[in-house]
Amino acid sequence: MTDAPGIDAAEILDGIRLWVEQESHTADVDGVNVMMSLAEEAYSLAGAKVERIRGRDGYGDHIVARSPWGGDAPGILVLSHLDTVHPKGTLVTQPFKVEGDIAYGPGIYDMKGGAYLGFYAFRQLTRTGRETPLPITHLFVSDEEVGSPTSRHLIESLGRQAKYVLVTEPAREGGKIVTARKGSARFVVTVTGQPAHSGARHSDGRSAIKEMARQILALEELTDYERGVTVNVGLVSGGTGVNVVPASCVAEVDVRLPTPPIAEEMIDHIQALTPFDPDVTIEVSGGLNRPPYEKLPGIASLFDHARELAAGIGFELQDLKTGGGSDGNFTAALAPTLDGLGVDGKGGHTHYEQLYISSLEPRAALMLRLFETLE
Ligand SMILES: [Zn+2]
1 MTDAPGIDAA EILDGIRLWV EQESHTADVD GVNVMMSLAE EAYSLAGAKV
51 ERIRGRDGYG DHIVARSPWG GDAPGILVLS HLDTVHPKGT LVTQPFKVEG
101 DIAYGPGIYD MKGGAYLGFY AFRQLTRTGR ETPLPITHLF VSDEEVGSPT
151 SRHLIESLGR QAKYVLVTEP AREGGKIVTA RKGSARFVVT VTGQPAHSGA
201 RHSDGRSAIK EMARQILALE ELTDYERGVT VNVGLVSGGT GVNVVPASCV
251 AEVDVRLPTP PIAEEMIDHI QALTPFDPDV TIEVSGGLNR PPYEKLPGIA
301 SLFDHARELA AGIGFELQDL KTGGGSDGNF TAALAPTLDG LGVDGKGGHT
351 HYEQLYISSL EPRAALMLRL FETLE
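In my numbering, the protein residues as written are 1 to 375.
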């Protein structure tokens, strides 16, 4: 499969198993920190310089591992998250197991498999005594699954110093990697009306739920599949009793945005919502969470390079644009970014999360070849 000696699927899978069997739900700070210690230890043993950034605001630590070569020159940033969406205890009902070419486990696909591949490719270098033209930095964050609130600054600062960014999110259907992602915005819409007895004084009331119902329809109608815009009102709550005209209603809105100009247009529109009923007030908070990740020329040529390397290894690499966000959204405008370089499989965030063992060797080889050839 590859001319780099020693890449071995069984060895990679053993390493992934160890990481999968350490549960690390984003909210389980202790679990995440033990997971971070495994990554820290692995990289230290592989000869990297490791820095640990203490967690805050209820999230776990972040780890930065740096190659001993290359100094402070702009290099390759490998970006991974070690938190998962699976609550502590999932392993009991969803243990690591192998059936034929498939390995199952919580977070195995998103993204402990890919995070481990990045490490494994690095270790292939140090254990064969090789250095690469560019220094390599591998960042592991603890809070990606909730939008990277405590790691965004670190991601952006390392992204600005990088020449290239390789993100180890899982591959998409048929092993495709990601060269563009939609951006996302979140809003909380609060409507305040007038409470009243629904029988005796109905006409004195101003229903916040009625107003919100109209706002929800208007928001949902902003969805435009052709332009790549989706608006989802995902949570609604309001009212205090069935016999009270409701004075308050709150809705939470998730918006996906294909390009920066469309993002700006939609965000301006939603932030300026006005009430249909002049007697109620409406308040909108929130805005852009992850900016759109566009396939800029530097990303297109980095992809072409990766595709040639894959052909040399023996597989065809394709790319796509996805609606899902990742930390790659934060770096794409700062340095050419390839995403979805992790393992192939399916079922991210589900009970059947799985990777294809046959994808491990070629994708580890691709990561290694990228390390070796980028300059
Ligand atoms: Zn992920």
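Even glycine gets a Cβ: it sits at the ideal position worked out from N, Cα and C. Only a predicted model underlies this, so the values are computations on that prediction, with no experimental measurement involved.
For residue i, count neighbouring Cβ atoms within 10 angstroms of its own Cβ and tell me buried if that reaches 16, exposed if not.
| i | result |
| --- | --- |
| aspartate 101 | exposed |
| asparagine 329 | buried |
| aspartate 72 | exposed |
| glycine 31 | buried |
| tyrosine 352 | exposed |
| arginine 363 | buried |
| alanine 365 | buried |
| aspartate 3 | Summary for aspartate 3: the model assigns pLDDT 45, below 50, so the residue's position carries little reliability, and this model does not support an answer. |
| tyrosine 164 | buried |
| histidine 86 | buried |
| aspartate 14 | exposed |
| phenylalanine 119 | buried |
| glutamate 264 | exposed |
| histidine 62 | buried |
| glycine 129 | exposed |
| glycine 193 | buried |
| glutamine 271 | exposed |
| aspartate 235 | Sequence inspection shows leucine at residue 235; the aspartate mentioned does not correspond to that position. Exposed is the call here. |
| phenylalanine 303 | buried |
| alanine 170 | In the sequence as presented, alanine is not what sits at residue 170; that position holds proline. With 16 or more Cβ atoms within 10 Å of its Cβ, proline 170 is classed as buried. |
| alanine 335 | buried |
| leucine 45 | exposed |
| aspartate 143 | buried |
With DSSP run on the structure shown, which of helix, strand or coil describes residue i?
| i | result |
| --- | --- |
| leucine 217 | helix |
| isoleucine 357 | helix |
| serine 184 | strand |
| leucine 341 | coil |
| methionine 1 | Only weak support exists for where methionine 1 lies, its pLDDT of 42 falling under 50; the value from the coordinates is given anyway. Reduced to three states, the DSSP call for methionine 1 is coil. |
| valine 242 | coil |
| threonine 90 | helix |
| leucine 288 | strand |
| alanine 39 | helix |
| aspartate 277 | coil |
| tyrosine 116 | helix |
| arginine 201 | coil |
| histidine 349 | coil |
| alanine 272 | coil |
| arginine 369 | helix |
| arginine 363 | helix |
| histidine 25 | strand |
| aspartate 30 | helix |
| glutamate 265 | helix |
| glutamate 211 | helix |
| glycine 6 | coil |
Starting from residue i, follow its DSSP beta bridges and name the residues at the other end.
| i | result |
| --- | --- |
| valine 191 | Cys249 and Ile282 |
| threonine 259 | BP columns for threonine 259 are empty, so no partner. |
| valine 141 | His81 |
| aspartate 224 | Val229 |
| arginine 123 | Paired residue(s): none; arginine 123 is not in a bridge. |
| isoleucine 136 | Ile76 |
| lysine 97 | Tyr104 |
| isoleucine 177 | Asp319 |
| arginine 449 | Since the displayed the chain opens at 1 and closes at 375, residue 449 lies outside it and no answer follows. |
| tyrosine 293 | Arg181 |
| alanine 196 | Val245 |
| aspartate 254 | Arg186 and Asn232 |
| arginine 206 | Gln194 |
On the DSSP letters alone, give me the boundaries of the beta strand (DSSP E) that residue i sits inside.
| i | result |
| --- | --- |
| arginine 52 | 49-53 |
| glycine 234 | 230-238 |
| alanine 46 | From DSSP, alanine 46 is part of no beta strand (DSSP E); its letter is neither H nor E. |
| valine 167 | 164-167 |
| aspartate 319 | 319-322 |
| histidine 153 | Premise fails: histidine 153 lies in the alpha helix (DSSP H), 152-161, not in any beta strand (DSSP E). |
| histidine 62 | 62-66 |
Can you give me the start and stop residues for the alpha helix (DSSP H) that residue i sits inside?
| i | result |
| --- | --- |
| isoleucine 108 | From DSSP, isoleucine 108 is part of no alpha helix (DSSP H); its letter is neither H nor E. |
| valine 435 | The displayed coordinates of the chain run from 1 to 375. Any statement about residue 435 would go beyond what the structure contains. |
| alanine 310 | 297-313 |
| phenylalanine 330 | 328-331 |
Shorter than 7 Å, the distance from the beta carbon of residue i to the closest heavy atom of ligand 2, or not?
| i | result |
| --- | --- |
| methionine 35 | Within the structure as shown, ligand 2 is missing, the only ligands being ligand 1. |
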